[in-house]
Structures are given as C-alpha cells and as structure tokens.
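Position 193 (the sequence shown) corresponds to 1347 in the numbering used here; numbering is contiguous. This report refers to the structure that appears directly beneath it.
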Amino acid sequence: MRRIKVKPKFYIIILCLLAAVLLTVLGVKLIKQAIEKANQPAPIDPVKPKAAVTVTVNYDASILSENTAVTEALETFVKNQYTAIANLENSDMKPSFTSPEGEQAWRNQAALQLLIDIRLGQKTDLTMKSMDCSLLVTKVSVSEKTVSLEALESSECRFNCSANTASKVGDVKVSFTLDSSSGEMKIASYDRNDEFFQMIDALYQGGTAGQNGVETAMLAVKENCLSKVKENIKRMDSSLAEYLAGKAETYAAAQNPYKRADALEYASTYALSRNPQFLDFTTLGGNCQNYASQILRAGGIPNDMDGEEKWKYYSDAYDITGQAKGRTPSWTSVTGFLDYAQKNTGYGLSAAVGANIFTLEGGDLIICTDIRGEKVHTLAAASLIYDEAGNAADILTFSSSINRKNYPLRAYCYCDYTGIKILGWNE
C-alpha cells in the first residue's frame, strides 16, 4: 500500500485552525456568560435594615403662620413617599388625597410605581441606606379650607450600590394644595418637576368612564413607560457585558488632551449651584447643556468659531457668526451640542459620539432620550460604580436644571442614552 506523506506544514495549519475554532467558541461562551451576568437584577437582601428616612419642612413665618396640620400633612406624605422609594416597596399613597381614586391620586401612584419597578429591574441595588429630605416653602396662598403652597425640595441619600458616596438633589420645584373640608388635611393636588411625572404626563390622555377609567388609563401609561425603559435596561446591560468582556471600542487621542481633573472638579462644584459668569437657563428651556458645556470649558476645550460647526460662549446673546461674541445654540441646546460633537472636524472639540456608557470617565457626557424619542437632557459622568466582586455595574452622574450630584445613571427613567467620550481638542 502506498503511504501518503503529509508535510509538517499541513499539521501546523490544522492545529492553527483547531486553535482558532476553540478560541472562538471560548470567546462566545465568555461573552454569553458576561451578558447573562449583566442581565441579572441586583439581589435585594430580605434582612437588610430599612432605610432611615427623615423629612423637615422649613418656612418663614411671614409667609406661613404656624400651622401644625399643614406641616404634619406635608411631612407625613413626603416621608411615606420616600420610605417607599428608599426601600423599593410599593405603597398605596392614594388615601392621602381628597379623591383617592381621582386623577391626582392615580398620577402620583403611577409615577411612584414606575420608579420602583424600574429600579427593581436594574442590575445595581438601588434601595437606600438613608434618605434625608427638606422642603423650603417659598410661596403660600390660604383660603378658608385650602392651603396652596410652593416649595423647593432638596435631599441627600445613600444608595446601597454606592453607599460610601452621598447622592444629592437640590431645589426640585414642588407644589401642593391641601384641603381640610373633610375635617382632615388631605392633598387636593400635588406636582413636582420630576422625570417620572413628566414621563406619565407625556403619554396620559385622560381617563374615560369615571374613576375606573382614570385607574385603567394611568396604569396602562405606566406599563407603556416601563416597557420602553426595560428596552433601555437591556441595552445598558449589553453594553456592560461588552465592556466586561473587553470588547468596547477604544479611540485615538486628540492633539490636545482633555483636562479631566479640572472638568470633574468644576462639575462637582456647580452641580447644585450656578456659576454667576454664565446665564442660568433653567427657566429658558433648561440649564443642563449650558452646565455640560461649562464643564468642557473647564476641561480646556476652547471656543470654536471656525468652519460650519461652531461652539462658543462670550455672552448670553444668541450669535452664530464666527466672531468672538454671543453664544451658539450648540452651547445650550442638547440637540445642538450633539450635532456639533458629531460633525465637528478640524479645530475644536474632538469627541466620540455613541461610546459605550461604561467606558466613560469623569467629565464625559451622556445624552438622554425620553419616552417620545426626543433627546432632552444632558448628564456629566462622574465615576463608575463597582459591585461587590469589583466589576463595573453603573456610573455616577452630575446634572443641572434638576440639580443632582453623584446620582446613579440606573436610577433615572430615560429610554436611551448616547455616550459622548471627550477626546480633547484639535488645532
């Protein structure tokens, strides 16, 4: 029988092919394991101590004479609300309202349940170790049976996923109308400048067929919102798995570096306040992108008046010329800045739009998309949150308009996020 002589090179090729197949299978398995791990909601320890929740109501005697019924009603309602949020346990808040099955009661209940359901579905443990809330009453109107008031709500909490860092929220506008017609102080109306309320309001078209119609409509809106956010949670978890598997994209540096330490220091300093050198746009469409642009400026990104894409701030006056005056819409508009970051070439900002969220560092930006598909808010990245195993799990953020400092990204309710990696600037 004739023997076929096989050259050694052939064995090498076969071995290389087998090794390639093995590595591919192993890589797919590792990525699958990372995805499965990332998709697991954070376990909540059933024996974990309940959050310590405190609420105080502050007011000037010149606008609200001492009225324990009013302050007790406010403190009780807000404390019950935040106790539910801090422990992520649904609580029926409707009996606090004058009409427990009415629109106001169900609006609040739907927003509360939406918040809790979203946070329970996240990878990180978004229960709280503590929550301290204060209301500063700024305006009061009193009639025979009702008291209407406006207040600024500030809070400091410690999420269990980042218990070593205080998460702070400042000056959220809230309003109440309290009614004592029943002999007991109840809430006739309640409103707050809050993403969860805004989400419900964006889709709610009004209930039909009386009170049952209100309940059905509100809960349907809540479930619709929840399904959209769950899609975003899946995208975040996939991005996390990609990051943990070492598959996230990397980017080349710009000619001049981004001074992250300076940007991060600025973001922390002005998260809960305003820099008087810049106009506050809170009541002019929102201050979030104005604040984000200031962070980039603090990190060394220069005014850009070259070419078609411009980004500048010299004063609050609107100006799109290439002159050193005024401000461009890209400085204060979320979509305007996103357009600039995507299209700018040559001189000025160099950024990677669409970067993996978990590759972001202090001073990078996150564009938020709401339930209507509109890009409406800008956050600044602070630092990653790590789980007990030392793996990245979430990211702390800063924001303005609704002022937040060291706030977990997964605690929000947006429907999509666009990561913007700031690479520096080019000459």
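Every residue gets a Cβ at the ideal spot worked out from N, C-alpha and C, and that includes glycine.
Which whole-angstrom value describes the C-beta separation of residue i and residue j, a residue pair presumed to lie in contact below a C-beta threshold of 8 Å?
i: L1426; j: K1559; result: 6 Å
i: Y1568; j: D1524; result: 6 Å
i: L1563; j: D1548; result: 6 Å
i: T1319; j: A1446; result: Not confirmed; about 21 Å, so no contact.
i: A1356; j: R1526; result: 6 Å
i: S1316; j: I1539; result: 5 Å
i: A1471; j: G1480; result: 4 Å
i: T1281; j: A1205; result: 7 Å
i: V1397; j: A1546; result: Residue identity differs from the one stated: residue 1397 is Tyr in this sequence, not Val. Correct: roughly 6 Å between the Cβ atoms.
Under 6 Å Cβ to Cβ from residue i, same chain only, skipping five residues before and after it: list those, please.
i: K1413; result: G1453 and G1454
i: A1509; result: G1573 and K1575
i: L1274; result: L1242
i: Y1561; result: S1321 and T1551
i: S1295; result: S1302
i: G1476; result: M1459
i: T1513; result: A1402
i: N1347; result: V1326 and K1327
i: Y1358; result: V1375
i: K1497; result: E1463
i: A1417; result: I1449, A1452, G1453 and G1517
i: K1293; result: E1304
i: V1530; result: D1524
i: L1503; result: I1455 and W1579
i: S1329; result: E1304 and D1345
Relative to the C-alpha of residue i, which candidate in the options has its C-alpha closest?
i: V1507; options: G1517, E1515, D1493 and M1459; result: D1493
i: M1390; options: D1570, A1206, L1577 and D1460; result: D1570
i: D1458; options: E1581, S1250 and M1285; result: E1581
i: N1244; options: Q1267, P1430, Q1496 and K1479; result: Q1267
i: T1237; options: Y1472, S1250 and S1284; result: S1284
i: L1577; options: E1385, P1411 and M1339; result: P1411
i: G1324; options: I1511, S1309 and K1204; result: S1309
i: F1350; options: G1360, S1336 and V1375; result: V1375
i: S1334; options: S1343, K1327 and V1326; result: S1343
i: Q1448; options: G1517, G1367, S1329 and I1239; result: G1517
i: A1534; options: R1261, E1255, D1214 and E1419; result: E1419
i: T1300; options: D1286, I1270 and S1336; result: S1336
i: C1138; options: Y1501, A1543, A1415 and S1553; result: Given that the chain is displayed from residue 1155 to residue 1581, the structure contains no residue 1138 and the question cannot be resolved.
Mind checking which residues open and close the alpha helix (DSSP H) that includes residue i?
i: R1564; result: Premise fails: R1564 is in no alpha helix (DSSP H) and is neither H nor E.
i: S1447; result: C1442 to A1452
i: F1350; result: E1349 to L1357
Given a cut-off of 9 Å on the beta-carbon distance, is the pair residue i and residue j in contact?
i: T1489; j: K1466; result: no
i: L1332; j: A1227; result: yes
i: I1354; j: Q1276; result: no
i: W1579; j: A1408; result: yes
i: V1209; j: L1218; result: no
i: T1499; j: E1463; result: yes
i: I1520; j: V1383; result: no
i: V1232; j: E1307; result: yes
Excluding the 5 residues flanking residue i on each side, which residues of the same chain have their C-beta closer than 8 Å to its C-beta?
i: Q1263; result: D1246, M1247, K1248 and M1372
i: N1212; result: S1288, L1289, L1290 and V1291
i: L1184; result: Bear in mind that a pLDDT of 48 at L1184, under 50, signals an unreliable position, so the number given afterwards is only what the model happens to contain. For L1184, where only same-chain residues beyond five positions count, the Cβ hits under 8 Å are A1399.
i: M1155; result: Note that M1155 scores 45 on pLDDT, short of 50, meaning its location in the model is unreliable; the coordinates nonetheless yield the value given after this. Within the same chain, M1155 has no close Cβ partners at all.
i: I1270; result: A1238, I1239, L1242, E1243 and N1244
Go through its chain and collect everything with a Cβ distance to residue i's Cβ below 7 Å, but skip five positions before and after it.
i: E1298; result: none
i: S1555; result: T1436, G1440, N1441 and C1442
i: S1487; result: Q1443
i: R1251; result: In the sequence on display, residue 1251 carries Phe and not Arg. Cβ within range, chain order: Q1258, A1259, K1340 and I1341.
i: V1182; result: Low per-residue confidence applies at V1182: pLDDT is 48, beneath 50, and the placement is therefore not dependable, though the value from the model is reported in the following sentence. Same-chain partners within the cutoff: there are none.
i: D1582; result: The requested residue 1582 is not part of the displayed model; the chain covers only 1155 to 1581.
i: N1234; result: S1245 and M1247
List the endpoints of the continuous beta strand (DSSP E) containing residue i.
i: D1570; result: D1570 to N1580
i: I1270; result: Not the beta strand (DSSP E): I1270 falls in the alpha helix (DSSP H), residues E1257 to L1274.
i: R1414; result: It is not in any beta strand (DSSP E) - R1414 instead sits in the alpha helix (DSSP H) that spans R1414 to T1423.
i: K1327; result: S1321 to D1333
i: S1284; result: M1282 to V1296
i: T1208; result: A1206 to N1212
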